Structures are given as C-alpha cells and as structure tokens.
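Worksheet: one structure, shown below.
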Amino acid sequence: MSQETRKFEAEVAQVLHLVTHSLYSHKEIFLRELISNASDACDKLRFESVGNPDLTSDDPELRIQITWDPDARTVSVRDNGIGMSKDEVVANIGTIASSGTRRYLEALSGEQKADARLIGQFGVGFYSAFVVADKVTVITRRAGEPTEAGVRWESDGKGEYTLEDTNITERGTTVVLHLKADEDEFLKFWTLRAAVTKYSDHVAFPIRMPVEKDGKPDPTEWQTINSASALWSRSKSDITDEEYQNFYKALGHDFNDALAWTHNRVEGSQSFTTLLYVPEQPPFDLMMGGREERKGLKLYIKRVFIMDAAEELLPNYLRFVRGVVDADDLPLNVSREILQQNRQLERIKAACTKRVLDLLEKVSRDEPEKFATFLAGFGNTLKEGIVEDTANRDRIAKLLRFASTKGDGAAKTVSFDEYIGRMGEGQDTIWYVTADSYAAAAGSPQLEALKAKGIEVLLMSDRVDEWMLGYLTEYDGKRLRNVAKGEFPLDEADKAKQEAASAEAAPLIERTKTLLGDRVGDVRVSARLTDSPSCLALADFDLAPHLARLLREAGQDVPESKAVLELNPEHPLVKRLAAETDDAKAGDIAGLLLEQAEITAGAQLADPAAFVQRMNRVLLG
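Here UniProt numbering is used: the sequence shown runs in plain steps of one and ends on residue 621.
The following block contains the structure:
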C-alpha cells in the first residue's frame, strides 16, 4: 500500500499552532467537536440513503461510538456515517476553505490567541484534537466504495501529515487520539461520559461507550450514554436553558452562550418546527466572507438532514442566526434548485424571519442592555434588511438605534420612536447627519441652526448608514432628512432674515463664485450655520462626501458632483474675505473656506499640499 507525506497549507499550520496553545482551560471541547462532526456524517448518509438505500443496507443503524485504551493511551471516536474519500480527506483536513482565514489569523494577537470562542468559526473544530493529543489518526471509507478504497491519515500536528491507502471493512470514520503524557484524565470512562452529557446529550444519534470493567472498556457490552433525541422535537417545557445553550454551542461551534433563542412548532396545512438562535458575539468572518460562506440554518425533513447553511430559509441580512428547521411535508428528494423555487419553503422562510424579528423586538423591549450588545455586534448587518426586505422594513427600522445630539456620547442611543416622542410641536421631520465617525457627526457644522433651535438630530456614523438611508425615506409618517442636503426649511420670520442677509452679502457671494470658479456648483448665504464660517450643502440625491471617498478607495466608480458652498457672513473669516481687496489673498481665503467645509464633510482634499500652503499664507497675513 502506498504512503505519501504532505505538508499542511500555511493557514492550517497556523491554526494548529493556535489551537494547541490555546484551549488549556477547556480541553474537553475536542470531544464535542469530534462528536458534532460524526453526527454530521451520519446526517449526510441518512440523506443520501433516501435515494440510494444500498448505502446503509449492510448496517442500517447509524451511531457514534467512543472508547478508550489505557494501555495504548488512546481515545477513539467512530461513526458509521458517510465517510470520506481520499480527495475529501485532503480537502477537509489538509486545507481550510475560507477566504477570510488568513486575515483571521493575522488579526489574532496577545490574549486573543487564548480565546476559545475562535475555535470552530472557520471550520477548524477537528484540529482541537491536538489540544490533548500529540498524534491523531483518521481511518475512513466512504459509503458505497469498496473495502480497498479506505484511507489512513495521520499527523503529529507539526506541519505534515501522511496519507495511506488501506482496506476497511466498515464504512464511516474513526478518529484515534494518541494522548499527550499529561492527559490521563481522558483515559477514564466517567470523564468521557461527563463531557458527552455536558455537550452532546442532544445529538440525535445514539452515542455509545463500552461498559467499564477494572478501569478498562469491555468491548462485548455497550451502553448508550445520550438521550439520542433531536432536542428541537421535544416539548419546550421539558428543555432547560442549559440544554438549549449546550445545543447551540455544538450547533454553532461557539464557546459563548447564545444571546437569545426562539423555539416554535407550527401545525396546520404545513407543519414544521423551528429552533433559532441569535449569537452573543459575531463570528469573525461575518462581514469578510460571511456573505458567500453561509453558515446559518440546518434543514431537516422529518428529522432527515437535508442541507447545511440553507440560505433559502432566512434572508441574507439575518445570516448571523443559527438553528434548525425541521419540516414535515417537503418532498424528501428535493434538490437545492427546487428548494429555491418551492412555495412551501417561502412560507417557512417568512415564518423564520417573523420569529427572529419577534425575538429581537422582545429582547429590545425586555432586556435593553442585552439588546445593546446585539446591536454592537450585528447592527450593521441588520441595517442591510432595510434595503433587502421591503416587507419588514418598518419592523427592522423600529429595532435600529442611533446616537443623537440629545444623547450623552456615542454609547447613548435612541430609537426612531423615542426621537418622535421628543419632537417639538409642529415638527414633522426626523433630522439626521451622516459621517465616518461619531466625532465627525457630532461636530458637523450643518447641525448648528437645528441645535440652536433645540431640535434633535440623529448622528449616524456607520459606513452602511448612508446607503441604508437611500431606501429609508420615512418612518411612521415622518420624513427622514439629512441636515446637509437640500434647501434648509425656514419659517416666515427666518425666511425674511435669510433674504435680507443674502441681499446684503450679494457682492461677497458673487466675488466668491468668481474666485472659486468650477470648484463649486454654487455659493450662497447659509441658513444652517451659526458658529462656523462655511459648510457644504448637497443635493438630495448626492452621495455624502465621506461615502464617495470610501467608494473611490474601494475602486468603485463614483459620479462627479459639485457641492454648494454655504457661507456665514457673520463669521470673522468671511468678513475678512469681504474686506480683502487683494485678489490673490482673497483667493486664498475663499479656497480655505471651501477646503474647511470639505474636510468637515469627510471629503478628501484634491491637493493637501496646496491646502497647507494656502493656510500658512492666510495665517501669516
């Protein structure tokens, strides 16, 4: 039989180093991960055997077996599930298929390397075996393949592994852990059983261990050590919070508790069960590959596993949700293509979406601190739903929170409903400003007139906000308006003052237009400013300068537009411009007023060196 030695991909070697030096306080986690993998293998075989019963005809009962050998100092986890071919072994163990893995590893530093939450987030759960083992052997044969198609994989986790063809009489996979010298605790029946009870009691296949006799396993007598029933199929009243949390951790390969969950059974013309979890912390790759690498809900039909990460069950903006959907009446031979067009599945998707939004509304109402934690991790992802899910746009908007001019810093946020409840008499507009940071939004000169009148302004500083607000133009009958866009609304008294100020400053305005030329679309007296000398005003459909800058940096084509420069004639710098008789000096002041306005709006200066030189000339007089 041929044997070959291969090197791990660089990312795998880094992950191995990470896990073998990380989970020193959570060593038993390896058993949860290996059992979860074994359960998935059994699930996949049960699905394939629906169309090909011969795959399980020789051994129809799917199961997981755990045994130990005190003399050889090994622990073995075996399943009679789908098994793997040689190519699948290389793909599943020798590589990590994740576009974000390299960045994930590069981002780890200091104490993060000891953070057990990171294990499993990139499908690296198998490698947790090396926390307790100095060598791991995998023996596997894919169901339906001949006995000589078996594969033996072995590695000490130090950069290389061996592959060998071998004869295996039974389908499935056995993982043998050769324990390190100081890991004797895992050579005891009760230690292994306790870990199974803690983490994997919910697994829907029987987990069996041999009876212990004189400290050693008796291979002639086996006992089932888990309840072997799908947790979601049990009554909610019979399930403890601890059981729900343990199921979530195994399902999502997460070491943290779930933030919240919802468990429901729908009866009627279409019956199905849902168990949906909102994580406490976002997975590392939620935004940088998460859109392509879906890891959401598992779909079962009558407890027969159909697929992982069934993106047809939830809209993309809820991709952080983990859980299970078990339907009674979808066709078992359904394919992914048919699923995408299946009306019954659309109903399930609508029900799942409603359940998640119901859950989030409940948490926001009853546990605001916990909801703030959710928004910190998933708020930007949720905002995508404003664009993607028009049917639930109002419900999603109700969940959003923003900093405000009447808040106390970036951490103190308000909802749209709270904003509306504080509106003054006659106000019919929800005012907001967007910027690329809280400080930039809070310091925006466009806020000055509204703040002077005591009108609250929402301060929006997430990158997704400007894009989202292109689709969210009103809430609860109130128009949403950006303080930097369009004509500033004035009452009759203010309008008269504005007209008088504009008439008085007409020569200044015309001269500034001439000095700036085609650098601006227009120049006018500002109704927005009370303290600052200048600001930019945009047309209603113009991109905010900070967003245009980000898009250009990302290589996107952004249409050119020229903003309007607004001036405050009462500001000393503007008065200096009006009094300046030297055209060169006046040009420097006018240019500086424009560039100040561009900087506060988040735009990128076309010529920073020229700006510095101009500023120095103005300062030196």
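Just so you know, even glycine gets a beta-carbon here, dropped at the ideal spot from N, CA and C. Because the structure is a prediction, the values reported are computed rather than measured.
Per DSSP, L163 is not a residue of any alpha helix (DSSP H); the beta strand (DSSP E) it occupies stretches across E160 to T166. Just measuring C-alpha positions, the residue of L547, Q344 and A539 sitting nearest D462 is L547. Per the coordinates, the alpha-carbon of V151 lies some 13 angstroms from the alpha-carbon of A143. When Cβ pairs closer than 8 angstroms are counted between the two stretches, the segment 420-440 is seen not to touch the segment 385-394, the count staying below three. Pairing L593 with L577 gives a Cβ-Cβ distance under 8 angstroms.
Here the alpha carbon of V325 sits roughly 25 angstroms from the alpha carbon of L399. Nearest in C-alpha terms to E28, of all of S57, T173 and T191, is T191.
For F305, the three-state secondary structure derived from DSSP is strand. Counting only residues of its own chain and dropping the five nearest sequence neighbours on each side, V464 has a CB closer than 8 angstroms to the CB of N380, K383 and E384. When P217, A597 and T5 are compared, the shortest CA-CA separation from K158 is found for T5. Judged by DSSP in its simplified three-state form, I139 adopts strand.
In the DSSP assignment, K249 falls within the alpha helix (DSSP H) that extends over D241 to G252.
R479 is bridged by DSSP to T429 and E474. The three-state reading of DSSP puts L375 in helix, counting H, G and I together.
Counting along the chain, the unbroken beta strand (DSSP E) around Y277 starts and ends at F272 to P279. In the three-state reduction of the DSSP assignment, S229 falls in the coil class. Selection R614, P279 and L565 evaluated against I589 yields R614 as nearest (Cα-Cα). Around the Cβ of P445, a 10 Å sphere holds 16 or more other Cβ atoms; the residue is buried.
Listed in chain order, the alpha helix (DSSP H) elements of length 4 or more contained wholly in the segment 19-66 are 29-51. Burial is judged here by how many other beta carbons sit within 10 angstroms of a residue's own beta carbon; Q556 has fewer than 16 and is exposed. No residue range can be given for P206, since it is assigned to no alpha helix (DSSP H) and is classified by DSSP as neither H nor E. The alpha-carbon separation between A129 and T67 amounts to approximately 15 angstroms. If only complete runs of 3 or more residues are kept, the segment 498-548 shows the beta strand (DSSP E) at 522-525 and 534-537, in order along the chain. Per the DSSP secondary-structure output, G172 pairs in a beta bridge with R141. Cβ-Cβ separation between A204 and A181: approximately 36 angstroms, too far for a contact (criterion under 8 angstroms). Contact between F8 and Y248 does not hold, since the beta-carbon distance rounds to 30 angstroms and is not under 8 angstroms. Residue pairing by DSSP places P572 in no beta bridge whatsoever. In the three-state scheme derived from DSSP, where H, G and I count as helix and E and B as strand, A181 is classed as coil. Counting along the chain, E311 sits inside no alpha helix (DSSP H), nor does DSSP assign it H or E at all. Per DSSP, the beta bridge partners of G323 are L276 and L297.
Ranking L231, A260, D238 and G51 by CA distance to the CA of T273 puts L231 first.
Sequence-distant Cβ neighbours of V211 in its own chain, meaning closer than 8 angstroms and more than five residues away, are P217, D218, E221, W222 and Q223.
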